[in-house]
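When we follow this note's numbering, the leftmost residue of the sequence shown carries the number 3, and every step to the right adds one.
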Amino acid sequence: MQSTWKILITDYVWASIEPERQVLAEVGAELIAAETGDAPELQTLAPMMDGILTCWNPVREPVIVAAKKCQIIARYGIGLDNIDVDVATEQGIVVTNVPAYCMDEVSDHAMGLLLACARKIPRFDQAVRNGTWDQNIGPEMHRIRGKTLGIVGFGRIGQAIIPKAKAFGLAINVCSPRTDPKRIQQHGAQKVSFQELLTTSDFITIHAPLTQETEYMFSDAEFRAMKPTAFLINTARGGIVDTRALTTALRNGDIAGAGLDVLETEPPEPDTELLTLENAVVTPHAAFVSEDAILELEVTAARCVAEVLTGQLPESVVNPSVLEQPNLRAKSLK
3 MQSTWKILIT DYVWASIEPE RQVLAEVGAE LIAAETGDAP ELQTLAPMMD
53 GILTCWNPVR EPVIVAAKKC QIIARYGIGL DNIDVDVATE QGIVVTNVPA
103 YCMDEVSDHA MGLLLACARK IPRFDQAVRN GTWDQNIGPE MHRIRGKTLG
153 IVGFGRIGQA IIPKAKAFGL AINVCSPRTD PKRIQQHGAQ KVSFQELLTT
203 SDFITIHAPL TQETEYMFSD AEFRAMKPTA FLINTARGGI VDTRALTTAL
253 RNGDIAGAGL DVLETEPPEP DTELLTLENA VVTPHAAFVS EDAILELEVT
303 AARCVAEVLT GQLPESVVNP SVLEQPNLRA KSLK
């Protein structure tokens, strides 16, 4: 089939884009991968594109405005903080994401970080490798069963971690201001205020998007409010946690530890103090990774693009108001 549309991939972190290429080729779309993915390159390529697929690289106003033919911006993943969704909506562009992506992987990883912190697994491993065989290294350990897990956010991943945490005997509190308490109760948890979550949780795991409301949601005052025996787990977005404040809290013993898959700056600078602290467990934004999840992500995101180009309504439109706008660039989506 002769190519009708051109689709830009701003960036990706997997070995091959062949799955996307195959999905889009079926509707006559050609895939074009950016070389650097930086703003000047994207702005240069944008006017030729009928759609954009993006992973981490920012797709901001200058790129969106330059993309005069673009019908859809599709996010590889859930969060939308790298896309100026309001600008896209003003321009009549549909924005999609993959809301069910990596639910198992991220909730598993969050539980893994919780266990690594609570059971001192990285610290024991490093000590043994350095020739020390001692069960009493570091602070005392306590039983997990009977403790309280506080969940910030009640999206699909926040919900997915509940049965896994309950299997370890944890009681579950949820802070999600816009969620009906009865809905949370149906999942075997109870709704609490943010302040109550801070003061009563033995573990706190973050599963909220990065927005103006959640940026630096955890800073000095929040760490002071937490139990000194509590652990913070973050597999969501680095900007939700103030790194400086967290480093101070960990260094001073205001909280017991942290398990982090995301940081404000990725990758971190080599001299980042947080990386020197024994009560911090850090992984390289890898919670979403599995061969199964990535293949599913590639195919689903590409399918959203193919559907919009062919006049079909994708499942995950994040700016549905655009569908009623007279300047909607896509065909009438059904």
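Idealized CB from N, CA, C, for every residue including glycine.
Is the Cβ-Cβ distance between residue i and residue j less than 7 Å?
i, j, result
"ASN132", "SER318", "no"
"ILE75", "VAL61", "yes"
"ALA238", "ALA282", "no"
"VAL243", "ASN254", "no"
"HIS111", "ALA289", "yes"
"VAL176", "LYS149", "no"
"ASP52", "GLN73", "yes"
For residue i, count neighbouring Cβ atoms within 10 angstroms of its own Cβ and tell me buried if that reaches 16, exposed if not.
i, result
"HIS144", "exposed"
"ALA17", "exposed"
"LEU200", "buried"
"LYS70", "exposed"
"TRP135", "exposed"
"LEU262", "buried"
"ALA48", "buried"
"LEU297", "exposed"
"THR267", "exposed"
"PRO230", "exposed"
"VAL307", "buried"
"GLU271", "exposed"
"GLU93", "Inspection of the sequence shows that residue 93 is occupied by Gln rather than by Glu. Label assigned to GLN93: buried."
"ARG180", "exposed"
"THR302", "buried"
"VAL264", "buried"
"VAL130", "exposed"
"ALA169", "exposed"
Determine the direct distance from the alpha carbon of residue j to that of residue i, and round the result to whole angstroms.
i, j, result
"GLN314", "LYS166", "37 Å"
"ASN329", "ASP294", "38 Å"
"THR59", "THR38", "Per the sequence presented here, residue 59 reads as Asn, with Thr not at that position. So the alpha carbons of these two residues sit roughly 10 Å apart."
"LEU55", "THR312", "16 Å"
"ALA35", "LEU82", "20 Å"
"MET113", "ILE257", "18 Å"
"VAL15", "CYS57", "8 Å"
"ARG147", "THR207", "16 Å"
"THR213", "LYS122", "32 Å"
"VAL96", "MET219", "30 Å"
"ALA120", "GLY240", "21 Å"
"SER323", "GLY79", "21 Å"
"VAL284", "LEU234", "12 Å"
"LEU151", "GLU22", "38 Å"
"MET3", "VAL67", "Note on MET3: pLDDT 47, under 50, position unreliable in the model; the coordinate value appears next. Distance between the alpha carbons of MET3 and VAL67: 30 Å."
"PHE205", "ALA223", "17 Å"
"SER178", "PHE196", "8 Å"
"LEU335", "ILE159", "29 Å"
"LEU26", "GLU63", "26 Å"
"HIS189", "THR12", "38 Å"
"ARG185", "PHE225", "28 Å"
"ARG125", "GLU280", "7 Å"
"LEU172", "ALA304", "39 Å"
From the DSSP secondary-structure annotation, give me the bridge partner or partners of residue i.
i, result
"TRP7", "ALA31"
"LYS193", "VAL176"
"ARG77", "THR56"
"PHE205", "LEU151, PHE233"
"VAL97", "ILE75"
"ILE85", "VAL61"
Query raised in the report: Is the region 77-91 touching the region 35-43, taking contact as three or more C-beta pairs under 8 Å?
Result: no
Query raised in the report: On the three-pair Cβ rule with 8 Å, is the region 235-253 touching the region 275-288?
Result: yes
Report task. Inspect the CB distances between the region 155-173 and the region 300-312 and report whether three or more fall short of 8 Å. Result -> no
Requested in this report: Say whether the region 161-177 touches the region 125-140, bearing in mind that this needs 3 or more beta-carbon pairs closer than 8 Å, one atom from each stretch.
Outcome: no
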